[in-house]
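All remarks here apply to the structure that follows.
Number of protein chains: 2
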Amino acid sequence: MPSSTPSQAREWRLISRPRNVPGESDFELVEAPVPAAGEGQLLVRNTWMSVDPSARLRMQEDTSQYLPAFELGGALEGWAVGEVVESRAPGFSVGDSVLHQLGWRDYALLGVDGGSRAAPELLPPEDDVPPREYLGTLSWVGLTAYVGLLDVAELRPDDVVFVSAGAGAVGGLAIQIAKLRGHRVIASAGSSEKVSYIREVLGADAAFCYRDGPAVEQLAACAPDGIDVYFDNVGGEQLEAALELMRLHGRVALCGAISTYNGEDRAPGPRNLFNAVARGLTLRGFLARMYAHRMLDFRDEMRGWLAGGRIVYAEHRYAGLEQAPRALIDLFSGINVGKVLVQIDDDDGDER
Amino acid sequence: MPSSTPSQAREWRLISRPRNVPGESDFELVEAPVPAAGEGQLLVRNTWMSVDPSARLRMQEDTSQYLPAFELGGALEGWAVGEVVESRAPGFSVGDSVLHQLGWRDYALLGVDGGSRAAPELLPPEDDVPPREYLGTLSWVGLTAYVGLLDVAELRPDDVVFVSAGAGAVGGLAIQIAKLRGHRVIASAGSSEKVSYIREVLGADAAFCYRDGPAVEQLAACAPDGIDVYFDNVGGEQLEAALELMRLHGRVALCGAISTYNGEDRAPGPRNLFNAVARGLTLRGFLARMYAHRMLDFRDEMRGWLAGGRIVYAEHRYAGLEQAPRALIDLFSGINVGKVLVQIDDDDGDER
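Protein chains in written order, with the working numbering: chain A, 1 to 352; chain B, 1001 to 1352.
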């Protein structure tokens, strides 16, 4: 149970917009009195927060209509789980676990009416998974991998699948979901350690390190007969390579383009987009929130896989809210394997 | 009726692969004896041939798996209509009109077995449309416009539609089909005369000349609330502009990229492909032959529109087989409006 509520709360604010990789000086940790819940509100003590590449995009002024840009001088946001410490909202009690979007702080004041993005989701108390799983396998991260393959790329029997950023949270799940459905899977990552992890732990049939040579040559070596589906987390050179290797009526799920997020100028697109005409290819972009209606289907299927021990899911954890900017900065150095989480406070010691 | 068959036949051969816009010196007109039909073959006297941007692509060694490259020293190919002058194939008689893919010559020897690309299609004699209409409104050109909108871009009620190369054969039909279905249509072309034609004759709601200023600014002025569908005939800057103006869940039918066909290097793709992620956009390439199963539906609907006088269709005609290379070269100078055809020989004087 929580220790008695301290009088001071901390939150990370954005104080300058980075032009390239963010630095610690772009962030400021600010203390303020812990707020009190108003009518229809909850006060939540955050226990874990998710660190996502999308936060980097939201530090820019122009997010290309992705998610709203963070305000300069305002608190950052992101997925978090926590425990209700004060409730003036029906349906929520002190001690409940909730999932919400006001990470980057240790106390979140959440409205439950109006359906705003920040409306919290009550997590089932009887669940045998720790709440932070709702930042991972059972979260938007998992939904992204699931709908990216099944809905966006319209995965079909016998498709050969290529996944970039295969050691990342989304990519790692995409590899495993495709394998669980019986596909041949090729994946890429940025170090030989990650490549081993992808092959030996996640079960990809072939993998390559994109730093070792031209992506198109390495992909061709892994997929001599071509590919049908590309789950694109990175954009850039690997997207071009995938378009080169695509077979007739292949499909690309455009999930993100982390290789381009830190550039000041917008990177040019693939030089071989004409292949899409010649081969009848489909490139479809998506955000998981566009597939919110699939969350229950996804969680049902994922819970089955988790219960059967069929899913490997790595976490890269940082201890303490003060580590949050570092965790985001590290995301672009490629040192993390799996989902990047920051433990903000004790959550009753649930350990896997 | 045909004059008596001469003993010499002519065909255009490719003698060098152009690095930029093709020149007359890339082609050679070669005479040879008129062949005789073997068992299962037809000899056809060509009357009209179609000149398509795709011929430029096929002059390259690497066609990105579009259609087979023309062989150096071999005859060019392309859609043509003609009259059977000798038949040793069941189902075809002397005097029948046929549609086939061996243009660029005045006599075509066609096999009817094996389902090869060159297998001729018997045109209905009772039809009240001249045979060359099967190189135009009722052809793959029309099918391209039709399925590009309906199947590839999945046109939905109230979609705002943008069509590039709107004064071209495919673009002009795409504008009119979208208008016949009740959509707001914006189109672009390369001269003020074409822009007037698009607005005043084809009925587009707004149009701009892409040479007059940045495409993104001009498109934004024509579509202040954005667009939902882009029928892309050109690639390049206009594709980037369309992606910038696309609304949530917008769709791009990638039909061709004439702006890039003459470059020696492959042009970079749009710098704003990430918009596809943020807005859930779909880009889908296609060739009409991938939608051959829709030809009958299309012709039914198009015949109705033609009979009702609902379709304007311009032809840009060249007289004589010797003009064929010039017709292709001119395609890239932008002087043509509508479908480019070469009249190879008299077809009983059917004039519209």
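Quick reminder that beta carbons are idealized off the backbone N, C-alpha and C, glycines included.
Cβ neighbours of Cys1222/B within its own chain (closer than 7 angstroms, five residues either side excluded): Ile1186, Ala1206, Phe1208. Contacts with chain A at 9 angstroms (Cβ-Cβ) include Ser1064/B. Secondary structure note for Phe1298/B: its alpha helix (DSSP H) is the uninterrupted segment 1295-1307. Contact of Arg266/A with chain B by beta-carbon distance below 7 angstroms involves Arg1271, Asn1272. The criterion of a C-beta distance shorter than 9 angstroms is satisfied by Gly166/A and Ala204/A.
Rounded to the nearest whole angstrom, the C-alpha separation of Gln176/A and Gly235/A is 21 angstroms.
Between the beta-carbon of Leu1254/B and that of Val277/A there is about 5 angstroms, and that keeps the pair under the 8 angstroms contact cut.
Excluding the 5 residues flanking it on each side, Glu86/A has same chain C-beta neighbours closer than 6 angstroms at Ala37, Leu43, in chain order. DSSP lists no beta-bridge partner residue for Met59/A. In terms of CA proximity to Leu102/A, Leu321/A leads the group Asp151/A, Gly256/A, Val94/A, Leu321/A. When DSSP states are grouped into helix, strand and coil, Asn275/A belongs to the helix group. Comparing C-alpha distances from Arg1181/B to each of Ser1139/B, Ile1227/B, Leu1150/B shows the shortest one belongs to Leu1150/B.
For Trp1048/B, the three-state secondary structure derived from DSSP is strand. When Cβ pairs closer than 8 angstroms are counted between the two stretches, the region 1048-1058 of chain B is seen not to touch the region 1092-1099 of chain B, the count staying below three. In the DSSP assignment, Thr282/A is bridged to Arg251/A, Arg1284/B. Assignment of Pro214/A by DSSP, reduced to helix, strand and coil, places it in the coil class. The beta carbons of Gly1250/B and Asp1225/B sit no closer together than 9 angstroms. Assigned with DSSP and collapsed to three states, Gly1148/B falls in helix. Within chain B, the residues placing a beta-carbon under 8 angstroms from that of Phe286/A are Val1277, Gly1280, ordered along the chain. Cα atoms of Val81/A and Arg132/A: separation of roughly 6 angstroms, rounded to the nearest angstrom. DSSP links Pro1033/B through a beta bridge to Gln1008/B.
DSSP places Arg1132/B in the helix class (H, G or I) of the three-state scheme. Distances from the alpha-carbon of Glu1083/B to those of His1100/B, Phe1070/B, Glu1240/B, Gly1285/B put His1100/B closest. Residue state for Arg1317/B is assigned as strand, using DSSP reduced to three classes.
Non-local beta-carbon contacts of Ala69/A in its own chain, meaning distances under 8 angstroms to residues more than five positions away in sequence, involve Arg58, Met59, Gln60, Glu61, Asp62, Thr63 in chain order. Annotated three-state conformation of Arg289/A is helix, per DSSP. The beta-carbon of Gly1338/B is placed no less than 9 angstroms from the nearest beta-carbon of chain A.
The Cβ neighbour count for Glu1011/B, taken over all protein chains shown within 10 Å, is at least 16; the residue is labelled buried. Nearest neighbour of Arg1247/B by Cα position, chosen from Arg1271/B, Trp1104/B, Asp1159/B, turns out to be Asp1159/B. Under the three-state reduction of DSSP, Leu123/A is assigned to coil, being neither helix nor strand. The beta carbon of Ala223/A sits no closer than 9 angstroms to any beta carbon of chain B. Taking Thr282/A as the centre and dropping the five residues before and after it, the same chain places the C-beta of Arg251 closer than 6 angstroms to its C-beta, in chain order.
Taking C-alpha positions only, Ala288/A is separated from Ala1241/B by approximately 25 angstroms. Scanning its chain for C-beta atoms nearer than 8 angstroms, with the 5 sequence neighbours on each side dropped, one finds around Glu39/A the residues Arg88, in chain order.
Proximity to Asp1346/B across Arg1019/B, Asp1106/B, Glu1237/B, Trp1079/B peaks at Asp1106/B, based on C-alpha coordinates.
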